[in-house]
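According to this note's numbering, the sequence shown is numbered sequentially starting from 1. Below: the structure, in structure tokens.
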Amino acid sequence: MMSPEIIQALVGLLEAKDMSTAAHTWRVVLYTRALGEKAGANPDLLERLTVAAALHDIGKIEIPSGILQKPGKLTDAEFEIMKTHTTLGHERLLRMGESDSVVLDLVRSHHERFDGLGYPDGLAGEEIPVAARYFAVIDSFDAMTSLRPYRRDTGEGAAERAITELQKGIGNRYCPGTVEMFVDLYRTGGLAWILEYFNDAAEVPALSGLTVSRARSSPKK
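Here is the structure:
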């Protein structure tokens, strides 16, 4: 797996292009660790999942800023370009010598759907790597509970609404067992400190300036 310095440099490139990714990256890294711990992942796998989550959108470095930061809905043509961030990120990591299957699989496959209608490869069910199945739920939850260029109103109750949408997506968008585990983590308060301290209004440090171990040791409240 790549060194922490290279990982930080890659994340820094993405943050330089779109600083709003800093809070998003922090949250999905921490959600990933929380869900991995709940699933019983060992320390080595948690480390690999942490790196994969930090690098999941690294292909967006090559997406034009006008598309990446567009305030309105993307056109069909623009969305096709946006979708290439999965393969672009995967290919970039391969060129850099990354060989860890968890990292490569999550970066490439985190937009696959359980029903096979996702991208880039149209994988379905258990064809989708386990880490990518987990991360699809995490990434969607964060998208529905944070400010995005195309949606400015999250408002009170956004997390509950997001949980409802995840449950509606069981069996089509998402792996049933993963949603159930994530919902239980949310209901038992395991995500509350992340939602509170890493929200879009908070002063969030750039993840590129911090080590992976710092992300691991962020205090729970």
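Yeah, the Cβ is synthetic: ideal placement off N, Cα and C, and Gly gets one too.
Taking the alpha-carbon positions, what's the residue 76 to residue 67 distance?
11 Å
Tell me which same chain residues have a C-beta within less than 6 Å of the C-beta of residue 53, skipping the five on either side of it?
28, 29 and 32
Can you find a CB in chain C that lies within less than 8 Å of the CB of residue 115?
Given the protein chain composition of this structure (a single chain), no chain C is represented.
Smallest Cα separation from residue 18: which of 65, 35, 123 and 157?
65
By Cβ distance below 7 Å, which residues in the same chain neighbour residue 61 in space, the five residues on each side in sequence not counted?
13, 14 and 17
For residue 174, does the three-state DSSP call read helix, strand or coil?
strand
Please determine, among 110, 164, 90 and 20, the residue with the shortest C-alpha to C-alpha distance to residue 70.
20
Within its chain, find whatever has a CB closer than 8 Å to the CB of residue 198; leave out the 5 residues flanking it on each side and keep chain order.
23, 26, 27, 30 and 204
Go ahead and label residue 176 buried or exposed: buried means 16 or more other beta carbons lie within 10 angstroms of its beta carbon, across all protein chains shown.
exposed
With contact counted as at least three CB pairs below 8 Å, one residue from each stretch, are the region 36-43 and the region 135-149 in contact?
no
Whole-angstrom distance between residue 166 and residue 97, CA atom to CA atom
35 Å
Out of 120, 92 and 171, state which residue places its alpha-carbon closest to the alpha-carbon of residue 126.
171
Chain-order list of residues whose beta-carbon lies under 7 Å from that of residue 51 (same chain, five-residue window excluded)
1, 7, 103 and 212
Check the C-beta distance from residue 56 over to residue 106 and give it rounded, since I have them as a contact under 8 Å.
6 Å
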